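J.:
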Amino acid sequence: MPVWLCAIAGCGISGFAGFQVWKGERHAKLELFQQEAHNLTMTLQKTITEHLQVPQDIDLFYETTYFLAAAERSEFQEYALPQLQQNPGLLAVGWIQYIREETRTNYEQDLRQENFAEFGIWGWNENGKAARLPSKSRYFPITYIEPSQFRNMVGYDLITDPLQEAAMAKAEKTKKIVVTEKLVLPDGAGLGFASYSPVFRRVKSNNLTANSSRELVGFAYTLYSLPALIKAALTQMSLNDIEFYLYDQSASAADSFILFYNPSVKDLELSPGEKNLVNAREGGWLCAETPVCEVSLNVADRQWQLVILPTPQFGGRESGSVATLAIGFLLTAILVVYLWMSLDRTGRIESLVQELRHKNIALQQSEAELREQATRKELLNLLAEKIRNSLDIDTVLASAVQELRKALQVERCCFAWYRTDGVEPAWEVVTESQPEEWLPLVGIYPVSSIGKEFEQLLHRQSWQVDDVATLADPLTQDWLSKLGVNSLAIVPVRTQFGQMGAAICFSHGKVSHAWTEREMELLSAVAAQLSIALNQAELYNETRAKAAELKIALDQLQQTQTQLVQHEKMSALGQLVAGIAHEINNPITFIAGNITYAEEYIADLLEIIEFYQQRFPEVAETEDIFQEIDLDFITSDLPKILASMKSGADRIKNIVLSLRNFSRLDEADVKEVDIHSGIESALMLLDSRLHHYQEDDAASGSSKPPIQIVKEYGNLPKIECYPSQLNQVFFNLLANAIDAVTLVEAEHNYQPRILIATKFIPENTDNESSEPARVAILVKDNGCGIKPEVKERIFDPFFTTKPVGRGTGMGLSISYKVVVEMHKGQLSCSSEPDMGSEFCIEIPVRQSSLQPQALAAGVAGI
13 MPVWLCAIAG CGISGFAGFQ VWKGERHAKL ELFQQEAHNL TMTLQKTITE HLQVPQDIDL
73 FYETTYFLAA AERSEFQEYA LPQLQQNPGL LAVGWIQYIR EETRTNYEQD LRQENFAEFG
133 IWGWNENGKA ARLPSKSRYF PITYIEPSQF RNMVGYDLIT DPLQEAAMAK AEKTKKIVVT
193 EKLVLPDGAG LGFASYSPVF RRVKSNNLTA NSSRELVGFA YTLYSLPALI KAALTQMSLN
253 DIEFYLYDQS ASAADSFILF YNPSVKDLEL SPGEKNLVNA REGGWLCAET PVCEVSLNVA
313 DRQWQLVILP TPQFGGRESG SVATLAIGFL LTAILVVYLW MSLDRTGRIE SLVQELRHKN
373 IALQQSEAEL REQATRKELL NLLAEKIRNS LDIDTVLASA VQELRKALQV ERCCFAWYRT
433 DGVEPAWEVV TESQPEEWLP LVGIYPVSSI GKEFEQLLHR QSWQVDDVAT LADPLTQDWL
493 SKLGVNSLAI VPVRTQFGQM GAAICFSHGK VSHAWTEREM ELLSAVAAQL SIALNQAELY
553 NETRAKAAEL KIALDQLQQT QTQLVQHEKM SALGQLVAGI AHEINNPITF IAGNITYAEE
613 YIADLLEIIE FYQQRFPEVA ETEDIFQEID LDFITSDLPK ILASMKSGAD RIKNIVLSLR
673 NFSRLDEADV KEVDIHSGIE SALMLLDSRL HHYQEDDAAS GSSKPPIQIV KEYGNLPKIE
733 CYPSQLNQVF FNLLANAIDA VTLVEAEHNY QPRILIATKF IPENTDNESS EPARVAILVK
793 DNGCGIKPEV KERIFDPFFT TKPVGRGTGM GLSISYKVVV EMHKGQLSCS SEPDMGSEFC
853 IEIPVRQSSL QPQALAAGVA GI
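The numbering used here puts the first residue of the sequence shown at 13, with every later residue one more than the last.
(1) Would DSSP call residue 836 helix, strand or coil?
(2) Can you tell which of 733, 48, 777 has its C-alpha closest to the C-alpha of residue 830?
(3) Which residues in the same chain as residue 843 place their Cβ atom closer than 8 Å to its Cβ, once the five residues preceding and following it in sequence are excluded?
(4) I'd like to confirm the pairing. Which residues does DSSP put opposite residue 310 in its beta bridges?
(5) At what residues does the alpha helix (DSSP H) containing residue 238 begin and finish?
(6) Looking at the structure shown, is residue 254 part of a helix, part of a strand, or coil, going by DSSP?
(7) Does the distance from the C-beta atom of residue 527 to that of residue 502 stay below 8 Å?
(8) Under a three-way DSSP split, which group does residue 273 fall into?
(9) Who are the near neighbours of residue 64 in its chain, counting only those whose CB is closer than 6 Å to its CB and skipping five residues on each side?
(10) Tell whether a beta-carbon distance below 8 Å holds between residue 531 and residue 420.
(11) If residue 212 sits next to residue 228, beta carbons under 8 Å apart, how far is it from one beta carbon to the other, in whole angstroms?
(12) On the criterion of 16 or more Cβ atoms from any shown chain inside 10 Å, does residue 509 qualify as buried, or is it exposed?
(13) Given residue 783, which residues of its chain have a CB within under 6 Å of its CB, disregarding the five upstream and five downstream residues?
(14) DSSP three-state call for residue 459: helix, strand or coil?
(15) List the residues that DSSP assigns as beta-bridge partners of residue 427.
(16) For residue 794, which residues in the same chain have their Cβ closer than 6 Å to its Cβ, ignoring the five residues on either side in sequence?
(17) Measuring CA to CA, which of 131, 261, 685, 122 is closest to residue 308?
(18) Return the Cβ separation of residue 321 and residue 255 in integer angstroms, given the expectation that the two are a contact with Cβ distance under 8 Å.
(19) Looking at the secondary structure, which residues open and close the beta strand (DSSP E) in which residue 104 lies?
(20) So, do the region 157-167 and the region 186-195 have three or more beta carbon pairs nearer to each other than 8 Å?
(21) Determine the direct distance from the alpha carbon of residue 142 to that of residue 106, and round the result to whole angstroms.
(22) Would you report the Cα separation of residue 807 and residue 441, rounded to the nearest angstrom?
(23) Could you name the residues of the same chain whose beta carbon sits closer than 7 Å to that of residue 858, not counting the 5 residues immediately before and after it, in chain order?
(24) Using DSSP with H/G/I as helix, E/B as strand and the rest coil, what is residue 494?
(25) Check whether the Cβ atoms of residue 517 and residue 422 sit closer than 8 Å, and answer yes or no.
(26) Can residue 491 and residue 463 be called in contact, C-beta distance under 8 Å?
(27) Taking 8 Å as the CB-CB cut-off, is residue 174 touching chain B?
(28) Where DSSP assigns a beta bridge to residue 842, which residues make up the other side?
(29) When you compare each of 252, 264, 102 to residue 244 by their alpha carbons, which one comes out closest?
(30) Going by CA-CA distance only, name the one from 772, 643, 735, 698 that's closest to residue 719.
(31) Less than 8 Å between C-beta atoms, sequence neighbours within five positions excluded: which residues of the same chain meet that for residue 111?
(32) Contact check, residue 685 vs residue 730 under 8 Å by CB: the rounded distance?
(33) For residue 203 and residue 238, which I take to be in contact (beta-carbon distance under 8 Å), what is that distance rounded to the nearest angstrom?
(34) Determine the direct distance from the alpha carbon of residue 195 to that of residue 282, and round the result to whole angstroms.
(35) Using the Cβ count rule (16 or more neighbours within 10 Å means buried), how would you classify residue 735?
(36) Can you list, in chain order, the residues of its chain with a C-beta nearer than 7 Å to that of residue 257? Leave out the 5 residues immediately preceding and following it.
This is the structure we're talking about:
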């Protein structure tokens, strides 16, 4: 029956352990996949956004130049070529000019003068050939385009292509950038897409009372290569065993496929094949437990769907659970066989099985925790290397307000957070850009002191005030007037973490500043970029915080493991010492007991010999024998030999007694002991080091006086403590003191000295916080002393100034835990370089007030 119970229990434990390891492996794989998918999504979105910024910049360039004069081809080339170099996915950059029928002739003549011989606005006819277009009301020919291999497209009226015409019409109507569907690029450049960003200029109406209108002047035209664009993003990261698909959600189902990344060849595939209907369900359990497999990417006015799927090889095989089951079953089988063959030793085997079970479970749990910690640390380190330096929130905000002030040419721009965690809601200005001689605006401003006008930002997109005198809230108007503000523009910034902020620009001029639509659009664009940057920075800060927590946990785990190993070593050493002391004690007791009888017997024999000499002095043969063996010398020397043997036996007994007192294996609980006995035991064990110090000195040819041990013991009561642990503290402090005096170079009057003093401190009930009765132990040496920077860390685990192999850095750390945590006492150090060191221990006389849980925790930590 016990055999079957053991087999069932072993198999059950092995199965449970294998299941736990399996769960841990799946959890680690899920976290790794989530992080990889998040990195891929963020990198693709960032690369697409940066590339789509080019036509918007060209839009801004042309809106600016049209206020002065139209940009020339050389100016466009100087502006466009750097953009092509900086954006690998950008294939071509062009300018499409809006031409009316009445200006077509002049336009074509101007182009002919620019070395475009026989130039004319052309398009594709019904036969698919290039031909000069007949007259119509308006044209949209490509006027400038870079690089040079695309200049054969100059004059091509894109409106003749229905797909391009639809995109340009939408851009003109919405006044925003528009992206086409996937298309075949010209000149065999592969697959890609085009973008159109409309450019308008303001035209004053003839009616003086009417507002100005916006007139279309053309489009900023860009061509993108899909493979080059995606590869530009992939060069910023490393994908392992992950495939992804891109679909255009704005296109029809038949034309929605864009591309597929094949991890086996690490390249892109542009033909759909069977991949036109892939979704997250094909990702298995990983995609079923996380939403990161299907995400949307913003590509101007279109939405691209990104489907991320793990390959079967992702994260490696889950072999840990199988190995755990195999080991568990093997151990169970061994135990069952051994139990079957050793039924007469059932009690010992059951104890061994129980111990092995506990160790097996603890080992599996430790392995799972270490694996999870290492995986998290590796992922966090990988993320930290890829995050840009500009992810610091303060740097991002400071740069944003500074550039806003330059772009808008106003006196002051700042950024403020809306805080609701105080007594009342308030706006906190955290950074600003202003003239150096102005008073700073940085600070916290409660709503009650600046008015409620600013709360409009909580419910609207932006807010502009051309004249503060028109504000309805007199409190807000008064506050702004005191600052010298006559107009302001504010755009809210919202983060995905629920934070609310605002980018604010003030005008302090004598004349009110009328904020234009362009300025407000610029503010809104900056706010949108700020929101993205702040979200990334917050994610980065969260990652750093989690990495710090993981490092602290790992350091604590390493300390705990080292302390457990040290505790096991000391426990084994104590058992060894106790065993040796026991084995030596029996024969030495026999020897010491017989020496007394030997002294009496030899004394009787010597008396008989002396009596014989007196009675028979004339026997020649006897006299010869006495002279031959030198009887007189033996008679005088033999008692000395016996006395020396007795002294040696007594010393061995004292050493054995010290070893037994020092190990105290039977005193793991709190007991009443004599502190002086523990100190004397430590000194007895260190006696060889005191003699070794002199012997080394004599061997080197120099002369050093012996180490002087000065004892100033007080009248101490027996105290409640852990004797074995406290003896270890005395041993560590005395060993360090011997090391300190031996490091001092020999001087003429130097006398190495170690002072050991004890005293009783009675209970103090004079003040409200009474202190219990306690004893103080002082260990002071006149050695080399401790430097201040070393003194700050002497109680830290693993810190040591000794050479490799001479110390582990755990002696004082363990001593501190024994005194402070186990005995609720105090351990302090006072030292200066070349002035010696002084360690003071204070321990309560009674430990009965300590909680059992605290005591148990202290013992386990040593």
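Cβ atoms here follow ideal geometry from the backbone N, Cα and C, with glycine treated the same way. Quantities reported herein were computed from a predicted structural model and do not represent experimental measurements.
T.: This is what the structure gives:
(1) coil
(2) 733
(3) 797, 798, 803, 849, 850
(4) 315
(5) 238-246
(6) strand
(7) no
(8) Three-state DSSP puts residue 273 in a strand.
(9) 312
(10) yes
(11) That belief holds up - the Cβ atoms of residue 212 and residue 228 are roughly 6 Å apart, short of 8 Å.
(12) exposed
(13) 776
(14) helix
(15) 443, 515
(16) 765, 848
(17) Of 131, 261, 685, 122, the residue nearest in Cα terms is 261.
(18) 5 Å
(19) 102-109
(20) no
(21) 20 Å
(22) 44 Å
(23) Scanning its chain for C-beta atoms nearer than 7 Å, with the 5 sequence neighbours on each side dropped, one finds around residue 858 the residues 732, 784, in chain order.
(24) helix
(25) Going by C-beta atoms, residue 517 is nearer than 8 Å to residue 422.
(26) Contact: yes.
(27) Looking at the structure shown, chain B is missing, and only one protein chain is on hand.
(28) Bridge pairing for residue 842: 850 [DSSP].
(29) Measuring from the Cα of residue 244, the nearest candidate turns out to be 102.
(30) 698
(31) In the same chain as residue 111, and ignoring 5 residues on each side of it, the C-beta atoms closer than 8 Å to its own belong to 119, 133, 150, 151, 152, 153, in chain order.
(32) 6 Å
(33) 5 Å
(34) 12 Å
(35) buried
(36) Only 272, 287, 290, 319 meet the Cβ criterion.
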